[in-house]
Amino acid sequence: MKAVILVGGLGTRLRPLTCNTPKPMIPLVNQPFIEWMLLRLRDQGISEVILAVQYLADRFRETLGDGSRLEMTLHIVEEPEPRGTAGAVKNVEHLLDGPTFVFNGDVMTDLDLRAMLAFHREKQSMVTISLTPVDDPTQFGLVEMDGQNRVQRFLEKPRAEDITTNLINAGTYIIEPEIFRYVPPNQFYMFERGLFPVVLQTGDPMYGFPSRAYWTDIGKPQTYIDVHHDILIGKVRYGFRGQQIADRVWLEGDAEIHPTAQIVGPVVIGPGTVIERGARVIGPSVLGANCSIGPECSLEGAVLWDANRLEEGVVLRNCVLGRGNQIGARTQIVDGAIIGDACSLGPENRLERGIRVWPNTNLGERAISF
Ligand code: GDD
Ligand code: MG
Numbered sequence: 060m061k062a063v064i065l066v067g068g069l070g071t072r073l074r075p076l077t078c079n080t081p082k083p084m085i086p087l088v089n090q091p092f093i094e095w096m097l098l099r100l101r102d103q104g105i106s107e108v109i110l111a112v113q114y115l116a117d118r119f120r121e122t123l124g125d126g127s128r129l130e131m132t133l134h135i136v137e138e139p140e141p142r143g144t145a146g147a148v149k150n151v152e153h154l155l156d157g158p159t160f161v162f163n164g165d166v167m168t169d170l171d172l173r174a175m176l177a178f179h180r181e182k183q184s185m186v187t188i189s190l191t192p193v194d195d196p197t198q199f200g201l202v203e204m205d206g207q208n209r210v211q212r213f214l215e216k217p218r219a220e221d222i223t224t225n226l227i228n229a230g231t232y233i234i235e236p237e238i239f240r241y242v243p244p245n246q247f248y249m250f251e252r253g254l255f256p257v258v259l260q261t262g263d264p265m266y267g268f269p270s271r272a273y274w275t276d277i278g279k280p281q282t283y284i285d286v287h288h289d290i291l292i293g294k295v296r297y298g299f300r301g302q303q304i305a306d307r308v309w310l311e312g313d314a315e316i317h318p319t320a321q322i323v324g325p326v327v328i329g330p331g332t333v334i335e336r337g338a339r340v341i342g343p344s345v346l347g348a349n350c351s352i353g354p355e356c357s358l359e360g361a362v363l364w365d366a367n368r369l370e371e372g373v374v375l376r377n378c379v380l381g382r383g384n385q386i387g388a389r390t391q392i393v394d395g396a397i398i399g400d401a402c403s404l405g406p407e408n409r410l411e412r413g414i415r416v417w418p419n420t421n422l423g424e425r426a427i428s429f
């Protein structure tokens, strides 16, 4: 069976992390998220996957190529312009040859795909939509069903007063290719606002498959931080690399930790990273490759991508640093602040309350202070 993964979105809500890195390529515990997703599909028996790319398409080609490194067959197909979720699959229709899994490329889940396929077959469904319960459906696609799980209503980004259920579209579908006759070619067209409402009109069988599997859309800064937490405390199975050197502390390759540094797990430390005298790293935290954590720095709930250099006494709490940043002494980055790539932040700044700093920003000493 084949699968299509939709990875063409701009990842607007995750900017500035997605300025240089498409959302599905951003690292989760030091591994591009899409790689984990592909391996999960391979392990569930799907070894031929089509990636529908658009934004920053080359980044996918550079990292994944034809898939042979992951022992799978990968077709990376670029849309001439964004075609929307259904238009993107229509664009690769010629590669489909039977019921096909379609995935949103920003959902972290351990959904049982075989069980979903068995359900799809049993119901003789044309479109099966995986569903998950959430607290606030307004950010998602609301799905109402009858007692036999047949979909009765699909409402994308419902208003609060339209909420009738907590079950939403979890972003995994099984689709019979015939259904694409309803999708206009060479146009922007969405499953959520186009095809699903049309299928409700035509009466083709469309079913919902609810599940309580782990589920998070990683497309927002706080959920991106939270999902690291969930992985590190073992709430979702995610095989990350590294050798366990202490209670819930994993080291990849040749990282160096000063004997006076204090590491309290769960923490993952990437290869080539150096942690200096008196620094404290409190989990859940992830340090990418080749980072340097200066003396007396204090980190807690921090996610750092590769090649970040922190000078003495930097404080990071519940924040994300992209790639290759230089952080001056005693600067504090806290409360959901997000720093892009290749920024140079001078000493004694304080960045807080979800502030987002764009790539290549240079900030002087005490430019934003406390
Ligand atoms: N190839 C391609 N082309 N991919 C696209 C395009 C496009 O034009 N537009 C969006 N995508 C991809 C995104 O990269 C992402 O992986 C997926 O389609 C969903 O887009 P999002 O922008 O993340 O949508 P959302 O999170 O607001 O809502 C969707 O996901 C929810 C679950 O997380 C909808 O499907 C909701 O109904 C659903 O509940
Ligand atoms: Mg999303």
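Here the numbering used here = 1-based position in the sequence shown + 59. Even glycine gets a Cβ: it sits at the ideal position worked out from N, Cα and C.
Exercise for the section: Report all residues from its chain with a CB closer than 7 Å to the CB of Gly310; omit the five preceding and five following residues, and keep chain order. Expected result: In the sequence on display, residue 310 carries Leu and not Gly. Correct list, in chain order: Gly301, Gln302, Ile304, Ile328.
Exercise for the section: In the DSSP assignment, find the unbroken alpha helix (DSSP H) run with Gly143 in it and report its ends. Expected result: 143-149
Problem - Residue range of the alpha helix (DSSP H) that includes Pro75 - result: Premise fails: Pro75 is in no alpha helix (DSSP H) and is neither H nor E.
Practice task
Using 10 angstroms around the beta-carbon of Trp95, count the other beta-carbons present and answer buried if the total reaches 16, otherwise exposed.
Solution key: buried
Practice task
Indicate, with yes or no, if ligand 1 has a heavy atom lying under 7 Å from the CB of Gly215.
Solution key: It should be noted that the sequence gives Glu, not Gly, for residue 215. Because some heavy atom of ligand 1 lies under 7 Å away, the Cβ of Glu215 counts as near it: yes.
Practice task
Would you check if the segment 98-107 and the segment 125-142 touch, i.e. whether three or more CB-CB distances between them fall below 8 Å?
Solution key: yes
Exercise for the section: Pull up the CB-CB distance for Leu154 and His179, whole angstroms please, since I reckon it's below 8 Å. Expected result: Leu154 to His179, Cβ: 20 Å. No contact.
Handout entry: Whether Leu358 touches Ile386 by CB criterion (8 Å)
Key = no
Practice task
Could you tell me if Gln391 is buried or exposed, where buried requires 16 or more neighbouring beta carbons within 10 angstroms of its beta carbon?
Solution key: buried
Practice task
Hey, could you find the ends of the alpha helix (DSSP H) Asp117 is sitting in?
Solution key: 116-123
Practice task
Report yes if the CB atom of Ala145 is closer than 8 Å to the CB atom of Val242, and no otherwise.
Solution key: yes
Problem - Backbone CA spacing between His317 and Gly337 [nearest angstrom] - result: 8 Å
Handout entry: Closer than 7 Å: Asp221 CB and nearest ligand 4 heavy atom
Key = Ligand 4 is not among the ligands present in this structure, which contains only ligand 1 and ligand 2.
Problem - Where Trp417 falls, given that 16 or more other Cβ within 10 Å makes a residue buried - result: exposed
Practice task
Mind checking who Asn163 pairs with in its DSSP beta bridge?
Solution key: Leu65
Practice task
Please find out if some non-hydrogen atom of ligand 1 comes closer than 7 Å to the beta-carbon of Pro141.
Solution key: yes
Practice task
Could you tell me whether any non-hydrogen atom of ligand 2 is closer than 7 Å to the CB of Asp365?
Solution key: no
Handout entry: Residue environment, Ser428, which counts as buried when at least 16 other CB atoms sit within 10 Å
Key = exposed
Handout entry: Check: Leu65 C-beta below 7 Å from any heavy atom of ligand 1
Key = yes
Exercise for the section: Note the first and the last residue of the continuous beta strand (DSSP E) segment covering Gln303. Expected result: 302-305
Problem - Same chain, Cβ closer than 6 Å to His344, five either side skipped, listed in chain order - result: Inspection of the sequence shows that residue 344 is occupied by Ser rather than by His. So the list reads Val326, Leu358, Ala361, once near-sequence residues are dropped.
Problem - Cβ shell of Trp364 (< 7 Å), same chain only, five flanking positions each side left out - result: Pro86, Gly347, Leu380, Gly381, Arg382
Exercise for the section: Determine the DSSP secondary structure at Leu155, reduced to helix, strand or coil. Expected result: coil
Practice task
Note down, in chain order, each residue of its chain lying with its Cβ closer than 8 Å to the Cβ of Ile233, except the 5 sequence neighbours on either side.
Solution key: Pro158, Thr159, Phe160, Val161, Met175, Leu176, His179, Ser184, Val186, Thr187
Exercise for the section: Give a single yes or no on whether Gly457 has its beta carbon closer than 7 Å to a heavy atom of ligand 1. Expected result: Residue 457 is absent from the model: the chain starts at 60 and stops at 429.
Exercise for the section: May I ask you to check if the CB of Gly200 is nearer than 7 Å to at least one heavy atom of ligand 2? Expected result: no
Practice task
Examine ligand 1 and report whether any of its heavy atoms sits within less than 7 Å of the Cβ of Ile277.
Solution key: no
Exercise for the section: Look up Arg382 in the DSSP assignment and say whether it is helix, strand or coil. Expected result: coil
Exercise for the section: Select from Ile341, Ala366, Ala401 the residue whose C-alpha is nearest the C-alpha of Val374. Expected result: Ile341
Practice task
Could you spell out where the alpha helix (DSSP H) holding Thr332 opens and where it closes?
Solution key: Run containing Thr332: none; DSSP gives neither H nor E here.
Practice task
Can you tell me which of the three DSSP states Ile414 falls into?
Solution key: coil
Exercise for the section: Could you tell me the boundaries of the alpha helix (DSSP H) in which Pro269 lies? Expected result: Segment 265-269 is the beta strand (DSSP E) holding Pro269; no alpha helix (DSSP H) there.
Practice task
Within its chain, find whatever has a CB closer than 8 Å to the CB of Lys279; leave out the 5 residues flanking it on each side and keep chain order.
Solution key: Arg72, Leu73
Handout entry: Identity of the residue in Gly253, Thr282, Arg425, Ile238 nearest Phe213 by Cα
Key = Gly253
Exercise for the section: Let me know the beta strand (DSSP E) ranges lying completely inside the segment 166-195, each 3 residues or longer, listed in chain order. Expected result: 166-168, 186-192
Practice task
Starting from the Cα of Pro330, find the closest Cα among Thr122, Ala314, Val295 and give me that residue.
Solution key: Ala314
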